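Q: Sharing a structure with you now.
Numbering (this note's numbering), first residue to last: 29 to 397.
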């Protein structure tokens with residue numbers, strides 16, 4: 029009896045979720061979420077507003093919890109799925125409507141796959157050089173090398189004060205961290221235990237920038253049990269010109285702090301970077317990069333410009349910017365890996381076929397003359 033009542037309650041709940049009026053209750057909430065998230069970008073920045081309103085299950089407005097974008101879209105997708113499976117009019121004349129619902133469902137599933145799997149990075153390639161490395165726009169980490177081999181990556185969120193990094197032949201303790209640091213001159217009477225750049229500079233917290241990639245993140249750390257003249261306190265931050273050198277246990281180590289990096293399954297070589305300017309000015313009108321994709325024995329030449337990205341093996345490369353350094357010009361490419369890229373095309377095609385089929389199958393009115 030209990031099992032029957034449970035199933036009956038579940039059945040009624042599913043049918044209720046599959047009713048069309050669910051959408052009319054959700055649409056005002058989705059619109060409010062969209063408006064609030066868009067307005068919040070002025071004060072929070074694009075990334076923080078997206079994380080707070082659109083990429084969240086719960087949005088906190090002060091002490092009040094409200095459903096976030098993931099929750100609202102999840103309920104919408106569940107309602108559409110239940111309606112498609114259990115309440116679709118499985119008749120020949122309604123085939124177009126069923127296909128249109130299927131197309132909308134494919135679009136929703138694609139959005140979910142994109143939200144969960146899409147990753148945005150960037151890569152910097154000097155002209156004439158080749159690189160497989162991409163860097164995260166937002167995440168930072170401490171990298172520990174033994175000689176030139178990366179042996180440990182510690183994410184910024186794990187670099188809490190008093191945190192000890194274990195399993196090393198020397199002692200490494202985090203003293204302080206800041207998501208966005210102001211680099212200031214260190215007072216002379218405070219420099220006694222500091223080494224390298226830490227003798228002259230110190231890191232102080234300051235409010236985060238609106239865009240996380242503009243933050244200068246950093247840490248203060250302590251090294252013990254290394255060579256005697258290497259023991260002490262150090263600072264490390266984004267763009268640090270030199271790694272921290274440590275010798276312990278008969279091995280040479282290097283510590284670097286910066287944006288999280290990973291390697292592509294292939295390399296990109298930059299043959300030529302071109303900057304176009306408006307006539308009579310130095311203002312750039314466009315950039316382009318002539319590159320070669322090096323994937324084993326395959327050498328694939330391509331041009332990446334501001335309106336013509338490169339698609340290869342699930343990665344999309346966009347021309348983002350450039351930088352002028354002491355070794356020449358380097359191209360900056362945005363790199364997006366999106367496993368759900370095919371879903372918008374597939375869902376739109378299914379919806380278009382469904383709507384055309386629905387128009388074709390509708391009975392035509394007979395006009396009597």
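Beta carbons: idealized from backbone N, C-alpha and C, even for Gly.
Remember, it's a predicted structure, so these values are computed and weren't measured experimentally.
How big is the Cα-Cα spacing for residue 311 and residue 305?
A: Locating residue 311 in the chain shown gives position 283, counting from the first residue. Locating residue 305 in the chain shown gives position 277, counting from the first residue. Looking at the two C-alpha atoms, the distance is approximately 5 Å.
Q: Look at the alpha carbon of residue 107 and the alpha carbon of residue 54, and state the distance between them as a whole number of angstroms.
A: Within the chain shown, the letter at position 79 stands for residue 107. Within the chain shown, the letter at position 26 stands for residue 54. Cα to Cα, the separation comes out at about 11 Å.
Q: Take the Cβ of residue 177 as the centre, count every other Cβ of all protein chains shown within 10 Å, and call the residue buried at 16 or more, exposed below.
A: Taking the chain shown and counting its residues from 1, one reaches residue 177 at position 149. Residue 177 comes out exposed.
Q: Give the C-beta separation of residue 298 and residue 153 to the nearest angstrom, bearing in mind that I take them to be a contact with Cβ-Cβ under 8 Å.
A: The residue you call residue 298 lines up with position 270 of the chain shown. The residue you call residue 153 lines up with position 125 of the chain shown. Between residue 153 and residue 298 the Cβ distance is about 4 Å, and since that is below 8 Å, they are a contact.
Q: Give a yes or no on whether the C-beta atoms belonging to residue 363 and residue 345 are separated by under 8 Å.
A: Counted from its first residue, the chain shown places residue 363 at position 335. Counted from its first residue, the chain shown places residue 345 at position 317. Cβ distance < 8 Å, so residue 363 and residue 345 count as in contact.
Q: Kindly give me the distance between the Cβ atoms of residue 163 and residue 151, rounded to whole angstroms, as I take these residues to be in contact under 8 Å.
A: For the purposes of this step, residue 163 is taken as residue 135 along the chain shown, with counting starting at 1. For the purposes of this step, residue 151 is taken as residue 123 along the chain shown, with counting starting at 1. The Cβ separation is near 7 Å, so the contact holds.
Q: Within 10 angstroms of its Cβ, does residue 41 collect 16 or more other Cβ (buried), or is it exposed?
A: As a first step, residue 41 is located in the chain shown; it is residue number 13 there, counting from the start. By the 10 Å Cβ count, residue 41 comes out exposed.
Q: Could you check whether residue 198 and residue 252 sit closer than 8 Å to each other, using their CB atoms as the reference points?
A: As a working mapping, residue 252 is identified with position 224 in the chain shown. As a working mapping, residue 198 is identified with position 170 in the chain shown. In contact: residue 252 and residue 198 (Cβ atoms closer than 8 Å).
Q: Check each candidate in 128, 206 and 65 and name the one with the smallest Cα separation from residue 383.
A: In the chain shown, the residue the question calls residue 383 occupies position 355. Closest option to residue 383, Cα to Cα, is 128.
Q: So residue 61 is in the alpha helix (DSSP H); what residue range does that whole segment cover?
A: The sequence position of residue 61 within the chain shown is 33, counting from 1. Per DSSP, residue 61 belongs to the alpha helix (DSSP H) from 49–72.
Q: For residue 227, which residues of its own chain have a beta-carbon under 6 Å away from its beta-carbon, when the five flanking residues on both sides are left out?
A: Sequence index remark: in the chain shown, residue 227 carries index 199 (1-based). Hits under 6 Å: 219.
Q: Going straight from the alpha carbon of residue 60 to that of residue 67, what length do you get?
A: Numbered from its first residue, the chain shown carries residue 60 at position 32. Numbered from its first residue, the chain shown carries residue 67 at position 39. Cα-Cα distance, rounded: 11 Å.
Q: Under the three-state reduction of DSSP, which class applies to residue 284: helix, strand or coil?
A: Position 256 of the chain shown, counted from the first residue, corresponds to residue 284. Strand, per DSSP.
Q: With residue 364 as the anchor, note down where its beta strand (DSSP E) starts and where it stops.
A: Your numbering for residue 364 matches position 336 in the chain shown. First-last of the beta strand (DSSP E) with residue 364: 356–365.
Q: To the nearest whole angstrom, what separates the beta carbons of residue 196 and residue 182, a pair I think is in contact under 8 Å?
A: For the purposes of this step, residue 196 is identified with residue 168 of the chain shown, where counting begins at 1. For the purposes of this step, residue 182 is identified with residue 154 of the chain shown, where counting begins at 1. In fact, because the Cβ distance is near 11 Å, the residues do not count as touching under 8 Å.
Q: Among 84, 132, 360 and 283, whose alpha-carbon lies nearest the alpha-carbon of residue 200?
A: To locate residue 200, count along the chain shown from 1; it is residue 172. Ranking the options by Cα distance to residue 200, first place goes to 283.
Q: In whole angstroms, what separates the C-alpha of residue 147 from that of residue 365?
A: Residue 147 sits at position 119 when you count from the first residue of the chain shown. Residue 365 sits at position 337 when you count from the first residue of the chain shown. The straight-line gap from Cα to Cα measures roughly 5 Å.
Q: In chain order, what residues of the same chain lie with their CB nearer than 8 Å to the CB of residue 213, ignoring the 5 residues before and after it?
A: Along the chain shown, one-based indexing puts residue 213 at 185. The beta carbon of residue 213 sits closer than 8 Å to the beta carbons of 228, 229 and 230 from its chain, once the five residues preceding and following it are set aside; these are given in chain order.
Q: Which residues mark the beginning and the end of the beta strand (DSSP E) in which residue 353 is found?
A: Position 325 of the chain shown, counted from the start, is the residue given in the question as residue 353. Looking at the DSSP string, the run of the beta strand (DSSP E) that includes residue 353 is 343–353.
Q: Which word fits residue 184, buried or exposed, when buried means at least 16 other C-beta atoms lie within 10 angstroms of its C-beta?
A: Your numbering for residue 184 matches position 156 in the chain shown. Looking at its Cβ environment, which holds 16 or more other Cβ atoms inside 10 Å, residue 184 is buried.
Q: Please report the Cβ distance between residue 202 and residue 191, rounded to the nearest whole angstrom; I am assuming they are in contact, meaning their Cβ atoms lie under 8 Å.
A: As a first step, residue 202 must be located in the chain shown, where it is residue number 174. As a first step, residue 191 must be located in the chain shown, where it is residue number 163. Right, their Cβ atoms sit about 4 Å apart.
Q: Beta carbon of residue 40: closer than 7 Å to some heavy atom of the ligand SAM?
A: The model depicted lacks the ligand SAM and carries no ligand whatsoever.
Q: Classify residue 306 as helix, strand or coil using the three-state DSSP reduction.
A: Within the chain shown, the letter at position 278 stands for residue 306. Reduced to three states, the DSSP call for residue 306 is coil.
Q: Let me check understanding here. Comparing Cα to Cα, which of 374, 92 and 99 lies closest to residue 85?
A: The residue labelled residue 85 in the question sits at position 57 within the chain shown. That would be 99, whose Cα lies nearest to the Cα of residue 85.
Q: In this structure, does DSSP put residue 295 in helix, strand or coil?
A: Here residue 295 refers to the residue found at position 267 of the chain shown. Of the three classes helix, strand and coil, the one that applies to residue 295 here is strand, per DSSP.
Q: Kindly provide the ranges of any beta strand (DSSP E) runs that are 3 or more residues long and lie completely inside the region 120–174, ordered along the chain.
A: 147–154 and 158–174
Q: As a quick exercise: from 256, 280, 373 and 378, pick the residue whose alpha carbon is nearest that of residue 173.
A: Your numbering for residue 173 matches position 145 in the chain shown. Taking only the C-alpha atoms, the option nearest residue 173 is 280.
Q: So which of 341, 273 and 268 has the shortest CA-CA distance to residue 287?
A: In the chain shown, counting from the first residue as 1, residue 287 sits at position 259. Closest by alpha carbon: 268.
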